[in-house]
Ligand code: NAD
Ligand code: UDP
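Residue numbers (the working numbering): 148 to 511.
In structure tokens:
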């Protein structure tokens, strides 16, 4: 199997390389300006890496040449950091929409299978949040790939730049498929967690990372964990290793995966952000064997203070997983605790210096 992967150096890309390069029948050519998370694969003869963004020009021409012999192109490339949706809206729209558009056209010209990583944010907010009801009617909150309306807030809430760009890409893919027959698969991830997700701010990276790295940074530095808007938002969390297994199954079962949209998440791991903060304190106490972390401070902060003007939250994301279960025979099993334990241990190992300097500062 020959795969092309854009954004192979990111969090999901690094795990997808781990999964696919463990096989002997796969060759991968990848593009990403960043290689820090995939250093261990760089010498692998089955992996060719271009440390550049794949955008219009030389790299796109190279991509087009490579498409000829490829079985599929997986596009993971994105700016997908919520703190940037309203603070760098033009970059978010450019990267997620305009830089991805020529890639779709190249696949359409070559009639190649494009597996596009979209986002569950295309669903926006749930119907129940707009109706201001706590109804238990799944029709009002469950996210079904081919039925649920995609509901985003007003233009002034620039939080939606990302979701809107991704939604437009989905519509472009579908239009190409309908017009030229180009095979496609759309993946809508729901909060993948695992080692190597994002970065610890002020050590690396720009802006505020996603919630896992924010809470980890607070624990490692001995600073309060910040709960946005009361921590009422709910997310479902899936292990990244299980999520990339779903992608491996798509690649192995093209007849089942082509021309489909898949939610990839774990409905059994739904949690509010307040409960997540509390659970992460407990797990951190366990892995550091320091009971004091069980009462680590948690403070409230408004969305506007934390993310800036134009932030709006998705209230809840409960995926219908029937598509992935029936077509791919995929059902994630790992509980949230089973995900957090190895993930938080990994952060603790990688940022041992930070935790150590915090202990030293407290002691002195
Ligand atoms: P990530 O930020 O870790 O990885 C994205 C990678 O894309 C980065 O390494 C970046 O350098 C690279 N990139 C950006 N522009 C590029 C270009 N033009 N060419 C090549 N590489 C480029 O994000 P991730 O968590 O690995 O997410 C992967 C994909 O899944 C993204 O499309 C994201 O929108 C989507 N997604 C992920 C999650 C999740 O839970 N991780 C949730 C929803 C959606
Ligand atoms: N959040 C929080 N504290 C933080 C970072 C994030 O309470 O330090 C909240 C955020 O407001 C959202 C949820 O955690 O409700 C998930 O945020 P994340 O950045 O992981 O991305 P999202 O799931 O919204 O795409």
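Every residue, glycine too, gets a C-beta built ideally from N, C-alpha and C.
Judged by their CB atoms, residue 335 and residue 434 are not nearer to each other than the 8 Å cut-off. The segment 222–229 and the segment 149–159 touch, with three or more beta-carbon pairs separated by less than 8 Å. Annotation: residue 358 to residue 483 spans about 14 Å, alpha carbon to alpha carbon. For residue 405, the CB contacts under 7 Å within the same chain, skipping 5 residues up- and downstream, are 260, 330 and 332 in chain order. Beta-carbon to beta-carbon, residue 337 and residue 418 are separated by about 12 Å, too far to satisfy the 8 Å threshold. Of the candidates 279, 273, 445 and 363, the residue whose Cα lies closest to the Cα of residue 488 is 363. The C-alpha of residue 249 is placed about 27 Å away from the C-alpha of residue 296. Contact between the segment 177–184 and the segment 200–211 is present, with at least three C-beta pairs closer than 8 Å. CA-CA distance, residue 281 to residue 232, rounds to 28 Å. If you ignore the 5 residues before and after residue 174, its C-beta comes within less than 7 Å of the C-beta of 149 and 193, all in its own chain and listed in chain order.
Here residue 372 is buried. Its C-beta has 16 or more other C-beta atoms within 10 Å. The C-beta distance from residue 461 to residue 380 rounds to 7 Å, short enough to meet the 8 Å contact threshold. Counting only runs of 4+ residues, the alpha helix (DSSP H) found wholly inside the segment 428–496 occupies 450–454 and 469–475, in chain order. Judged by DSSP secondary structure, residue 382 falls within the beta strand (DSSP E) whose first and last residues are 381–383.
Of all C-beta pairs linking the segment 276–291 to the segment 343–362, fewer than three are shorter than 8 Å, placing the two stretches out of contact.
Closest by C-alpha distance to residue 447, out of 424, 429 and 463, is 424. Judged by pairs of C-beta atoms under 8 Å, the segment 239–255 touches the segment 317–329, as three or more such pairs exist. Taking 7 Å as the cut-off, the C-beta of residue 489 does not count as close to any heavy atom of the ligand NAD. For residue 197, DSSP records a beta bridge to 178.
Summarising the contact set, residues whose Cβ lies nearer than 7 Å to any heavy atom of the ligand UDP are, in chain order, 229, 268, 338, 355, 357, 358, 359, 361, 362, 372, 373, 374, 375, 376, 378, 380, 382, 420, 450, 453, 460 and 461.
Residue 355 counts as buried, since no fewer than 16 other beta carbons sit within 10 angstroms of its beta carbon. Of the heavy atoms belonging to the ligand NAD, none sits nearer than 7 Å to the Cβ of residue 271. In this chain, the beta strand (DSSP E) harbouring residue 335 covers 331–336. Within the DSSP secondary-structure output, residue 260 pairs in a beta bridge with 219. Between the ligand NAD and the CB of residue 434, the shortest heavy atom gap is not smaller than 7 Å. For residue 297, no beta strand (DSSP E) run applies, since DSSP gives it neither H nor E. Per DSSP, the unbroken alpha helix (DSSP H) holding residue 358 starts and ends at 358–368. The three-state reading of DSSP puts residue 163 in helix, counting H, G and I together.
Rounded to the nearest angstrom, the gap between the Cα atoms of residue 386 and residue 479 is 8 Å. Around the CB of residue 202, 16 or more other CB atoms lie within 10 Å, so the residue is classed as buried. Distance from the CA of residue 304 to the CA of residue 285, rounded to the nearest whole angstrom, comes to 27 Å. Within the chosen limit of 7 Å, the ligand NAD does not reach the beta carbon of residue 194 with any heavy atom.
Contact between residue 445 and residue 374 holds, with the beta-carbon distance rounding to 6 Å and staying under 8 Å. Minimum Cα-Cα distance from residue 369 among the listed residues 218, 442, 308 and 189 corresponds to 442. Around the CB of residue 468, 16 or more other CB atoms lie within 10 Å, so the residue is classed as buried.
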